[in-house]
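Residue numbers (my numbering): 3 to 289. We put the CB at the ideal spot given by N, CA and C, even for glycine. A short worksheet on the structure shown next.
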Amino acid sequence: MAAEAIPTVIDAKHHPQTSPPVLFSYDAADSGGISVRTELLTHGIHHRPKQERFNHPRPAINRIFLFAKGYADITVNGGSAIRLAPKRIHLVPMNQSFRVTYSAGSVLCFFHLAVTDRIGMPIFSGLDGIPVLDCGQALAEDVIMLRTADNRLRWHALLFDIVLRFAAAAQPAITDRAIRIEPLSDIIAYIHAHPYADCTVDGLARIFRTPRHALSKRFRRIAGIPLKKYIAEAQVQKAKEMLSTGTMSIESIAETLHYQHTPYFYRFFKRAAGMTPAAYRDAQLTS
3 MAAEAIPTVI
13 DAKHHPQTSP
23 PVLFSYDAAD
33 SGGISVRTEL
43 LTHGIHHRPK
53 QERFNHPRPA
63 INRIFLFAKG
73 YADITVNGGS
83 AIRLAPKRIH
93 LVPMNQSFRV
103 TYSAGSVLCF
113 FHLAVTDRIG
123 MPIFSGLDGI
133 PVLDCGQALA
143 EDVIMLRTAD
153 NRLRWHALLF
163 DIVLRFAAAA
173 QPAITDRAIR
183 IEPLSDIIAY
193 IHAHPYADCT
203 VDGLARIFRT
213 PRHALSKRFR
223 RIAGIPLKKY
233 IAEAQVQKAK
243 EMLSTGTMSI
253 ESIAETLHYQ
263 HTPYFYRFFK
273 RAAGMTPAAY
283 RDAQLTS
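Listed below in structure tokens is the structure:
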């Protein structure tokens, strides 16, 4: 996939942090490339007059970090510390627990993103470490200048081009996975297009006119995960994503996921994530 490909901006309207996400899409699957769908969930600039430390347990969102000043030291999954410095664009992939220490006086331009392929599978989930673009001073200044100047269309397009560059670097793994799960694409697309609480193995078996046992066996053989577990993981992933934006109440999230009673959602989330929805939100709502 060519990094210079021009993305389609589906919605480039005013995007305060409390508004619906801005959506971008790029589809090159027919020409041997990959499909990328990006939701810009939140963004901003953090000025930190003093050193600050945060712990993020298995975040459900991807972060793009660009320092205008100062730096951060980040430790991913208990590994060695990595320094995030200016003149570079850093991707912190989803589902990697990390601890981060921001230097005193640092100025960070950040973007929180959900990035999936055409059937809703997360693209950057499973990447190790912190991918980096050595962008140089010019590109770094463009990102920060366009965002602070509120030139939305241009910085949205520039941001998505950056996402495509990261995706291009990971293309072999993304393509291999897409080929492997292609026989399940209709099922997976259906799961991601409907409220997860409404998706059951029995219901999917009826919709796709396949015996329950045969459907479960086929899904596990191809995807390497039981269908029931996949549905549950997709559900908790979506819940984590909504909790990470900070724009919806927990009750509204439960309702969106089609839980009739919020306590049921609390129990499901704590069992799956190891902490309550409120505790997860508190741990994620920093850059």
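1. Within the continuous alpha helix (DSSP H) that includes residue 207, where are the two ends?
2. Do you know offhand how far residue 89's Cα is from residue 146's?
3. At what residues does the alpha helix (DSSP H) containing residue 71 begin and finish?
4. Out of 267, 93, 193, 124, point me to the one whose CA is closest to residue 135's CA.
5. For residue 131, which option in 219, 141, 100 has the closest C-alpha, if you only look at C-alpha atoms?
6. What residues match up with residue 47 in a beta bridge as DSSP calls it?
7. From what residue to what residue does the alpha helix (DSSP H) around residue 75 run?
8. Please classify residue 178: is it buried, with 16 or more other beta-carbons within 10 angstroms of its beta-carbon, or exposed?
9. Out of 165, 120, 109, 259, which has the shortest C-alpha to C-alpha gap to residue 233?
10. Tell me the rounded alpha-carbon separation between residue 213 and residue 74.
11. Can you tell me the Cβ-Cβ gap for residue 125 and residue 169, rounded? I've got them flagged as a contact below 8 Å.
12. Within its chain, find whatever has a CB closer than 6 Å to the CB of residue 15; leave out the 5 residues flanking it on each side and keep chain order.
13. Give every residue of the same chain whose Cβ lies closer than 6 Å to the Cβ of residue 54, excluding the five residues on either side of it in the sequence, and list them in chain order.
14. Which ranges does the alpha helix (DSSP H) cover as unbroken runs of at least 4 residues, wholly within the stretch 186-255, from first to last along the chain?
15. If you scan the stretch 85-148 from start to end, which runs of the alpha helix (DSSP H) of 4 or more residues do you find wholly inside it?
16. Touching or not, the stretch 187-197 and the stretch 226-242, by the rule of three or more beta carbon pairs under 8 Å?
17. So, are the CB atoms of residue 242 and residue 62 less than 8 Å apart?
18. Nearest by alpha-carbon distance to residue 128: which of 264, 85, 269, 97 is it?
19. Going by C-alpha to C-alpha distance, which of 85, 245, 185, 236 sits closest to residue 221?
20. Leaving aside the five residues before and after residue 71 along the sequence, list all residues of the same chain whose C-beta is less than 8 Å from its C-beta, in chain order.
21. What is the rounded straight-line gap between the Cα of residue 83 and the Cα of residue 67?
Reading from the atomic positions:
1. Its alpha helix (DSSP H) spans residues 203-209.
2. Cα atoms of residue 89 and residue 146: separation of roughly 11 Å, rounded to the nearest angstrom.
3. Not the alpha helix (DSSP H): residue 71 falls in the beta strand (DSSP E), residues 64-71.
4. Minimum Cα distance to residue 135 is reached at 93.
5. Of the candidates 219, 141, 100, the one whose C-alpha sits nearest the C-alpha of residue 131 is 100.
6. The partner list for residue 47 (beta bridge, DSSP) reads 111.
7. Taken as a continuous stretch (DSSP letters only), residue 75 belongs to no alpha helix (DSSP H), being part of the beta strand (DSSP E) at 74-78.
8. Classification for residue 178: exposed.
9. It is 259 whose Cα lies nearest to the Cα of residue 233.
10. Here the C-alpha atom of residue 213 lies approximately 52 Å from the C-alpha atom of residue 74.
11. Between residue 125 and residue 169, the beta carbon gap of about 6 Å places them in contact (Cβ cut-off 8 Å).
12. Its pLDDT being 32, under 50, residue 15 is placed unreliably by the model, and nothing is read from it.
13. Its chain contains 104 as the residues whose beta carbon lies nearer than 6 Å to that of residue 54, once the 5 sequence neighbours on both sides are disregarded; these appear in chain order.
14. As summarised for the stretch 186-255, the continuous alpha helix (DSSP H) elements at least 4 residues long and confined to that stretch are 187-195, 203-209, 214-225, 229-247, given in chain order.
15. Along the length of the stretch 85-148, whole alpha helix (DSSP H) runs at least 4 residues long do not occur.
16. The stretch 187-197, when compared against the stretch 226-242, does touch it at the 8 Å Cβ threshold.
17. In contact: residue 242 and residue 62 (Cβ atoms closer than 8 Å).
18. Looking at the Cα atoms, 97 is the closest of the given residues.
19. For residue 221, the nearest C-alpha among the options comes from 185.
20. Within the same chain, residue 71 has close Cβ partners 88, 107, 108, 109.
21. Residue 83 and residue 67: Cα-Cα distance of roughly 16 Å.
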